[in-house]
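Shown next, in structure tokens, is the structure this report addresses.
There are 2 protein chains.
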Amino acid sequence: MTPQLLALLKSNPLFQNLNDHALEQVAQAAHRLRKQDGEFFFFQGDPAARVHFVIQGKVKLAQTTGDGQQVLMEYIGPGRVFSIIAMLPKARYPVSSQAVGESEVLYWPREAIVSLNEQYPTLSANMMQLMATQIGEFQNRIRELSTQRVERRIARVLMRLARQTGQRLPDGVLIDLAISRQDLAEMTGTTLFTVSRTLKRWETNGLIESRREHVIIRQPHSLVKIAEESED
Amino acid sequence: MTPQLLALLKSNPLFQNLNDHALEQVAQAAHRLRKQDGEFFFFQGDPAARVHFVIQGKVKLAQTTGDGQQVLMEYIGPGRVFSIIAMLPKARYPVSSQAVGESEVLYWPREAIVSLNEQYPTLSANMMQLMATQIGEFQNRIRELSTQRVERRIARVLMRLARQTGQRLPDGVLIDLAISRQDLAEMTGTTLFTVSRTLKRWETNGLIESRREHVIIRQPHSLVKIAEESED
DNA sequence: TGGCGTCTTTGCGCTGGCGCAAAAAAGGGG
DNA sequence: CCCCTTTTTTGCGCCAGCGCAAAGACGCCA
Numbered sequence: 001m002t003p004q005l006l007a008l009l010k011s012n013p014l015f016q017n018l019n020d021h022a023l024e025q026v027a028q029a030a031h032r033l034r035k036q037d038g039e040f041f042f043f044q045g046d047p048a049a050r051v052h053f054v055i056q057g058k059v060k061l062a063q064t065t066g067d068g069q070q071v072l073m074e075y076i077g078p079g080r081v082f083s084i085i086a087m088l089p090k091a092r093y094p095v096s097s098q099a100v101g102e103s104e105v106l107y108w109p110r111e112a113i114v115s116l117n118e119q120y121p122t123l124s125a126n127m128m129q130l131m132a133t134q135i136g137e138f139q140n141r142i143r144e145l146s147t148q149r150v151e152r153r154i155a156r157v158l159m160r161l162a163r164q165t166g167q168r169l170p171d172g173v174l175i176d177l178a179i180s181r182q183d184l185a186e187m188t189g190t191t192l193f194t195v196s197r198t199l200k201r202w203e204t205n206g207l208i209e210s211r212r213e214h215v216i217i218r219q220p221h222s223l224v225k226i227a228e229e230s231e232d
Numbered sequence: 233m234t235p236q237l238l239a240l241l242k243s244n245p246l247f248q249n250l251n252d253h254a255l256e257q258v259a260q261a262a263h264r265l266r267k268q269d270g271e272f273f274f275f276q277g278d279p280a281a282r283v284h285f286v287i288q289g290k291v292k293l294a295q296t297t298g299d300g301q302q303v304l305m306e307y308i309g310p311g312r313v314f315s316i317i318a319m320l321p322k323a324r325y326p327v328s329s330q331a332v333g334e335s336e337v338l339y340w341p342r343e344a345i346v347s348l349n350e351q352y353p354t355l356s357a358n359m360m361q362l363m364a365t366q367i368g369e370f371q372n373r374i375r376e377l378s379t380q381r382v383e384r385r386i387a388r389v390l391m392r393l394a395r396q397t398g399q400r401l402p403d404g405v406l407i408d409l410a411i412s413r414q415d416l417a418e419m420t421g422t423t424l425f426t427v428s429r430t431l432k433r434w435e436t437n438g439l440i441e442s443r444r445e446h447v448i449i450r451q452p453h454s455l456v457k458i459a460e461e462s463e464d
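Chains as they are written, first to last, in the numbering used here: chain Z, 1 to 232; chain F, 233 to 464.
Right, here's the structure in full:
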């Protein structure tokens with residue numbers, strides 16, 4: 001385990017306030033795993049057995065409905081944890097996780113995490129904190145889906161992505177993630193057609209610029225307005 | 233603390249597998265609180281300081297959007313816990329909680345719960361389990377809001393309510409909860425008009441029977457069909 | 001450089017669901 | 001039993017967003 005990796009671990013909320021000894025043990029117990037673009041770490045419905053931590057690349061968490069539609073829950077980038085649910089006995093993964101680009105993770109088998117948890121209450125407190133945050137985010141998303149129109153939801157998702165993976169350009173913010181209209185549709189609960197039309201309109205008005213699978217936000221301010229109010 | 237109350241506690245997943253001594257201590261630390269119909273236990277945005285447990289009546293958890301719209305998250309009945317988030321330092325309640333009918337709860341101040349948590353790892357494991365369940369339910373709800381049409385969502389909500397508070401009748405299941413069209417709209421992310429029209433249609437077809445603020449499910453089977461497939 | 005697969009746009013038609021206003025129905029209290 | 005409040009229904013108009021099909025643009029790889 002390299003020092004950089006340790007630092008990455010340390011910077012994650014999940015491992016906050018752990019002393020060096022504890023962190024050492026956490027690192028000891030970790031396994032490393034690399035996947036090619038498009039490969040899956042696990043599938044929705046599998047018995048949940050591992051807690052994951054992204055080192056490199058991106059991981060896409062999506063839920064598939066009975067009739068094959070997808071709902072894209074989240075993109076997880078380096079330094080972030082996913083599938084904490086595997087801490088719990090007898091749980092199943094509620095989503096599938098797919099590598100976006102070549103990606104690498106650390107993971108801990110449940111037994112390891114559980115025993116670390118018993119040794120270090122701090123760890124378990126952190127974990128609860130994370131789950132609580134997650135709950136809060138989902139509640140917000142439910143509220144948005146229930147009360148906001150599509151345009152607003154798309155604006156919000158773009159802003160969130162910009163925050164998470166945004167790269168400042170001289171003239172705007174580039175969302176540094178190959179993201180198709182289809183993906184955006186799955187994140188906002190609409191169709192790729194509507195996303196396409198909406199982005200086109202924004203592009204015409206100079207709010208954004210979009211290439212195939214990429215978006216650059218030119219006027220963040222205007223986007224914020226759309227996200228918050230109803231009209232401009 | 234009466235024996236019934238202890239039994240109620242004991243039956244809750246949150247207190248599962250606690251030995252009698254632990255349960256005793258949990259009970260010791262609890263406070264009792266009674267509210268009249270419509271009164272609030274706390275408001276969205278308040279610093280989260282108490283974990284609650286419903287003894288009697290019902291509690292309605294709802295989130296209010298900036299522009300005054302409501303999203304109804306959940307009804308909590310006797311024997312269920314809410315606002316676990318108050319375990320965590322510096323959290324705020326993400327919803328408001330309102331008594332529906334005269335209601336009574338037990339509650340524990342954060343310090344009490346935290347210290348119990350440290351003494352009894354079982355408690356903290358249970359708590360995580362609960363949070364995980366919650367997360368799973370929210371994910372489902374997000375998926376439903378994203379991919380299903382209104383009619384199906386209403387059917388699902390009715391079924392859930394029937395499961396949670398359903399009362400078997402000779403000829404159907406009564407949802408034992410005063411629930412207005414407005415409430416159903418807030419639970420399904422639609423409007424009271426659409427709910428009204430949908431229920432009316434179902435009533436005409438004999439699927440349900442509805443009085444003011446009450447619904448009786450006459451043909452659960454047909455409702456399930458609507459909830460699962462697209463058409464009958 | 002050309003061909004190919006994927007992603008995106010666009011035209012067209014359609015309808016589910018919204019919003020409002022007003023009437024009707026259902027309770028509840030005095 | 002009547003009045004007042006709240007909830008529910010209903011008619012009407014409307015449009016955001018969906019779905020499909022087909023064309024177009026892009027990027028990659030050989």
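Think of the CB as a built atom: it goes at the ideal place given N, C-alpha and C, for glycine as much as any other residue.
Can you list, in chain order, the residues of the stretch 341-368 of chain F whose Cβ is nearer than 7 Å to any Cβ on chain Z?
-> Glu-350, Pro-353, Ser-356, Met-359, Met-360, Gln-361, Met-363, Ala-364, Gln-366, Ile-367, Gly-368
Enumerated in chain order, which unbroken segments of the beta strand (DSSP E) with a length of 3 residues or greater are wholly contained in the stretch 301-374 of chain F?
-> 302-308, 328-341
Lys-267 of chain F - partner residues in DSSP beta bridges = F:Ser-335
Of the listed residues Z:Leu-177, Z:Thr-133, Z:Met-187, nearest to Arg-156 of chain Z (C-alpha basis) = Z:Met-187
Member of Z:Thr-204, Z:Phe-41, Z:Tyr-75 whose CA lies at the smallest distance from the CA of Leu-242 of chain Z = With chain Z running from 1 to 232 in the structure shown, residue 242 of chain Z is simply not present.
For Gln-56 of chain Z, three-class secondary structure by DSSP | DSSP places Gln-56 of chain Z in the strand class (E or B) of the three-state scheme.
In terms of residues, what are the limits of the beta strand (DSSP E) holding Leu-8 of chain Z?
-> Going by DSSP, Leu-8 of chain Z is part of no beta strand (DSSP E) but of the alpha helix (DSSP H) stretching over 3-11.
For Gln-167 of chain Z, the first and last residue of its enclosing alpha helix (DSSP H) | No alpha helix (DSSP H) holds Gln-167 of chain Z; the beta strand (DSSP E) holding it covers 166-169.
In whole angstroms, what is the alpha-carbon distance linking Ala-125 of chain Z and Pro-279 of chain F?
-> 18 Å
Arg-181 of chain Z - containing alpha helix (DSSP H), residue span = 181-188
Leu-174 of chain Z: first and last residue of the uninterrupted beta strand (DSSP E) it sits in | 172-175
From Ala-318 of chain F to Pro-326 of chain F, what does the alpha carbon distance come to, in whole angstroms?
-> 10 Å
Look up Ala-387 of chain F in the DSSP assignment and give the residues it is bridged to.
-> In DSSP, Ala-387 of chain F forms no bridge with anything.
Among the residues of its own chain, which have a CB less than 7 Å from the CB of Leu-246 of chain F, if the five just before and after it don't count?
-> Val-313, Asn-358, Met-359, Leu-362
Ala-7 of chain Z classed as buried or exposed, judged by whether at least 16 other C-beta atoms fall within 10 angstroms | Per the 10 Å Cβ criterion, exposed.
Would DSSP call Thr-296 of chain F helix, strand or coil?
-> strand
Please classify Asp-183 of chain Z: is it buried, with 16 or more other beta-carbons within 10 angstroms of its beta-carbon, or exposed?
-> buried
Three-state secondary structure (DSSP) at Phe-247 of chain F?
-> helix
List the residues that DSSP assigns as beta-bridge partners of Glu-445 of chain F.
-> Bridge partners of Glu-445 of chain F: none, in fact.
Check whether the Cβ atoms of Ile-386 of chain F and Thr-354 of chain F lie closer than 8 Å to each other.
-> Contact: no.
Interface partners of Ser-378 of chain F on chain Z, CB under 7 Å | Val-71, Leu-145, Gly-189
Listed by chain order, chain Z residues near Thr-297 of chain F by CB distance under 7 Å | Near Thr-297 of chain F (Cβ distances below 7 Å), the residues of chain Z are Arg-143, Thr-147.
Arg-149 of chain Z (DSSP reduced to helix, strand or coil) = coil
Note down the Cα distance separating Ala-262 of chain F from Asp-408 of chain F, rounded to an integer number of angstroms.
-> 28 Å
Host alpha helix (DSSP H) of Phe-425 of chain F (start-end) = 424-436
Have a look at the DSSP bridge pairing and note the partners of Arg-50 of chain Z.
-> In DSSP, Arg-50 of chain Z forms a bridge with Z:Pro-109.
Please look up how many angstroms separate the CB atoms of Gly-101 of chain Z and Lys-58 of chain Z, rounded, as I've assumed it's under 8 Å.
-> Between Lys-58 of chain Z and Gly-101 of chain Z the Cβ distance is about 6 Å, and since that is below 8 Å, they are a contact.
Selection of the stretch 84-111 of chain Z by Cβ proximity to chain F, strictly under 7 Å = Answer set for the stretch 84-111 of chain Z: Ile-85, Met-87, Leu-88, Ala-91, Pro-94.
Step through the CB atoms of chain Z and report whether any lies within less than 8 Å of the CB of Phe-247 of chain F.
-> no
How many Å lie between Leu-406 of chain F and Thr-397 of chain F at the Cα?
-> 8 Å
Are the CB atoms of Ile-287 of chain F and Leu-320 of chain F nearer to each other than 8 Å?
-> Not a contact, by the Cβ cut-off of 8 Å.
List the residues that DSSP assigns as beta-bridge partners of Ile-208 of chain Z.
-> Z:Ile-217
Cα-Cα, which of F:Phe-425, F:Ala-417, F:Ile-458, F:Ile-316 is closest to Asn-437 of chain F?
-> For Asn-437 of chain F, the closest of F:Phe-425, F:Ala-417, F:Ile-458, F:Ile-316 by C-alpha to C-alpha distance is F:Ile-458.
Tell me whether Lys-267 of chain F is buried or exposed, calling it buried when 16 or more other Cβ atoms sit within 10 Å of its Cβ.
-> Counting C-beta atoms within 10 angstroms of its own C-beta, Lys-267 of chain F has 16 or more neighbours from the protein chains shown and is therefore classed as buried.
Name the DSSP bridge partner or partners of Phe-273 of chain F?
-> BP columns for Phe-273 of chain F are empty, so no partner.
Residues of chain Z with a CB under 8 Å from the CB of Gln-371 of chain F: which are they?
-> Gln-63, Met-73, Pro-94, Val-95, Phe-138
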